[in-house]
Structures are given as C-alpha cells and as structure tokens.
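Enquirer:
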Amino acid sequence: MAAAAVDDRLSRVFAALADPTRRDMVARLCSGDATVSQLGAAYDVSLQAVSKHLKVLEEAGLVSRSRDAQRRPVHLEAEVFDLMTKWIERYRSEAEERYRRLDDVLAAMDGPAEGEGAVS
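Taking UniProt numbering, the leading residue of the sequence shown gets 1, the next gets one more, and so forth.
1. To the nearest whole angstrom, what separates the beta carbons of VAL26 and LEU17, a pair I think is in contact under 8 Å?
2. Taking LEU78 and ARG12 to be in contact with their CB atoms under 8 Å, please state how far apart those CB atoms are, rounded to whole angstroms.
3. Please report the straight-line C-alpha distance between HIS53 and ARG92, rounded to a whole angstrom.
4. Do ARG28 and ALA42 have their CB atoms nearer than 8 Å?
5. Sort VAL105, VAL56, GLU89 by Cα distance to ARG22 and report the nearest one.
6. Check whether the Cβ of LEU102 lies closer than 8 Å to any Cβ atom in chain C.
7. Have a look at ARG101, GLU97, ASP33, ALA107 and flag the residue whose alpha-carbon is nearest the alpha-carbon of LEU62.
8. Within this structure, are the beta carbons of LEU83 and ARG9 separated by less than 8 Å?
9. Between SER51 and GLU89, what straight-line distance do the alpha-carbon atoms span, to the nearest angstrom?
10. Could you spell out where the beta strand (DSSP E) holding ARG71 opens and where it closes?
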C-alpha cells in the first residue's frame, strides 16, 4: 500500500474515532457483532443517527455490515487496528530513542560516577 494511501486511510480512521459515540460503538463491537438496533439501544439518539455514525465507521474501514437472513449485523474490522498500531509504534519507538539519547547526554554531563577519576 502506497504511503499516501496509508496516510489517507489513517486520516479517515482517526477522524472517525475522534467522536466519543463512535469510539464507544467500536468498544461495544469488540465483544461481538451487533445490529443497528442493538447498538442504538445504548444511546439516547435515533436509529438514523446511529446509522450515520456507523456509515462514518464503515467508510473508514473500521466496521462492515453483512446480511444474515433479516438481520444486518455490524462487524468490527480488527485489521484496521494493526494499521493504527504500526503507525503509533513507529513514532513511539522514535520518541523512545530520542529519550535514550537525551539520557546518555545528561549522564555524560553529570561527570564521572562516584569513585571514578578521584585521586587518592
């Protein structure tokens, strides 16, 4: 996947998760698939509003909907979290490396450790 496509997909995912209701829906879907009605029961909003939230999540690739007889369960697409985790991990690793280098510089500035370089 090209870097621009990954960045665009990440932008959609993070934008979708910027809303607390959508984050809560994702959290609820972690325990299993649910219908729009089942998800909507947890919120004081119309089913139309729930459907709009799900549409944003679906466009970001976080959820999918399937048909199961009369039901249309919503399914969490966990592989999207792998994409997010890789992106976050990359920058976390870079930040940790910078802190390690800073620790080394600060340790060197403290001078020799006790007992080192002392003349008897």
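Ideal Cβ positions, reconstructed from N, Cα and C, are used throughout, including at glycine.
Expert: The answer reads as follows:
1. The beta carbons of VAL26 and LEU17 sit about 7 Å from each other, so the pair counts as a contact at 8 Å.
2. Note that residue 78 is Ala in the sequence shown, not Leu. With 8 Å as the limit, ALA78 and ARG12 do not qualify as a contact, their Cβ atoms being about 17 Å apart.
3. Between HIS53 and ARG92, the C-alpha separation is close to 30 Å.
4. A contact, by the Cβ cut-off of 8 Å.
5. Minimum Cα distance to ARG22 is reached at VAL56.
6. The displayed structure is made up of one protein chain only, and chain C is not part of it.
7. Ranking ARG101, GLU97, ASP33, ALA107 by Cα distance to LEU62 puts ASP33 first.
8. Going by C-beta atoms, LEU83 is nearer than 8 Å to ARG9.
9. Roughly 32 Å between the two C-alpha positions.
10. No beta strand (DSSP E) holds ARG71; DSSP gives it neither H nor E.
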